[in-house]
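Below is one structure, written out as structure tokens; comments come after it.
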Amino acid sequence: MKGFDFASLWAPELSPWEVVLRATIIYVFIQVLFRVVGRKELARWGASDIVLLFLIATAARKSIVADDPSLTTAMVALGTIVGLDWALSALSARSSRVADFVAGPVRQLVRDGELQREVMRKTRVSEDELLSHVREKGKESLADVKHAFLERSGKITVIPRERGP
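Going by my numbering, the sequence shown opens with residue -5, and the numbers climb by one from there.
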């Protein structure tokens, strides 16, 4: 039986700067990948999506830390990823331009009861899906809708038309 070597837990095989660079590249790549997938799809994750996320995380881990089992490398990688996410969130909160780049702008799907078909095509929102949200608001048709938006979170917000007394 081999004895426990406490020092080897902390002895990284990779340079910390290499780990930071690897983590940054993979973080940016995954952000772009999720941006391409689309926020609407990410807003309604199911079991197969969680499996996909797990596989992405596994592949990313291997790309970031290679075969380095040290705790130091793991902490540098995790610290880098958390730091990048924190910085991106902070920048997004301060700048709508950064928020638009990261999560995409809020997109108007319905304007004064009229479908914005080009926007719906670009955001991959079907008319049936939109009408489902309209019905959830207790409305029967687009004539009852003033505006509808695809939010940055991927949720669809419906603003009903106000009817006079």
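Even for Gly, the Cβ is constructed at its ideal location relative to N, Cα and C.
Since we're looking at a predicted model, the values are computed, not measured.
Limits of the alpha helix (DSSP H) - the one that residue i falls within
i, result
"A142", "Here A142 belongs to no alpha helix (DSSP H); instead the beta strand (DSSP E) covers V139 to L144."
"K(-4)", "Neither: K(-4) is in no alpha helix (DSSP H) and is coded neither H nor E."
"W80", "L65 to R88"
"L125", "E121 to E130"
"A17", "P10 to V31"
Residue range of the beta strand (DSSP E) that includes residue i
i, result
"R105", "R101 to R105"
Bridge partner(s) assigned by DSSP for residue i
i, result
"P154", "V139"
"E108", "R105"
Beta-carbon proximity list for residue i, same chain, < 8 angstroms, skipping 5 on both sides
i, result
"A142", "Q102, L103, V104, L124, H127, V128, I150, T151, V152 and I153"
Residues of its chain near residue i, where Cβ-Cβ distance is below 6 angstroms and the 5 sequence neighbours each way are ignored
i, result
"I13", "Inspection of the sequence shows that residue 13 is occupied by Val rather than by Ile. Same-chain partners within the cutoff: T67, V70 and A71."
"R111", "none"
"I20", "A54, S57 and I58"
Residue-level contact to chain B via CB, residue i, 8 angstroms cutoff
i, result
"R111", "Annotation note: the requested chain B is absent from the structure, which comprises a single protein chain."
Status (buried if at least 16 other CB within 10 Å, exposed otherwise) for residue i
i, result
"L144", "buried"
"V45", "exposed"
"A17", "buried"
"A1", "exposed"
"T74", "buried"
"V76", "exposed"
"A84", "exposed"
"V139", "buried"
"A97", "buried"
Nonlocal neighbours in the same chain, by C-beta distance under 7 angstroms from residue i, ignoring five residues either side
i, result
"I50", "I24"
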